[in-house]
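For the sequence shown, the working numbering assigns the number 150 to the initial residue and increments by one for each residue that follows. Note sheet for the following structure.
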Amino acid sequence: PIYRMRREIGERVNRSKFNEWLLEMQANDIFQLLEGSVEDSAPDKIEDSITTKVNGLRCYVQRLT
150 PIYRMRREIG ERVNRSKFNE WLLEMQANDI FQLLEGSVED SAPDKIEDSI TTKVNGLRCY
210 VQRLT
């Protein structure tokens with residue numbers, strides 16, 4: 150889950166840079182951001198996921214390469 154990745158890196162990378170990095174990794178076909186909701190729909194976990202302008206909420210990452 151994206152929220153676990155974000156929490157693992159903590160304050161070492163700010164939220165906007167982390168989001169940019171995820172989108173860049175998807176654009177380079179390294180990751181695919183997957184829709185869905187977190188297992189318990191906890192608001193803090195959803196907040197720590199990513200919402201894209203085109204595709205909406207993305208909670209999971211699949212590595213492609």
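Backbone N, C-alpha and C fix where the C-beta goes; we use that ideal spot for every residue, glycine too. This one's a predicted model, so the numbers in the text were calculated from it and none came from an experiment.
Cβ neighbours of L232 in the same chain (closer than 8 angstroms, five flanking residues each side left out):
Beyond the ends of the chain as shown, which are 150 and 214, falls residue 232; an answer cannot be given.
Taking 6 angstroms as the limit between beta carbons, can you name the residues of its chain near D197, skipping five residues before and five after?
Y152, R155
For L213, count neighbouring Cβ atoms within 10 angstroms of its own Cβ and tell me buried if that reaches 16, exposed if not.
exposed
Alpha-carbon to alpha-carbon, E157 and K166
15 angstroms
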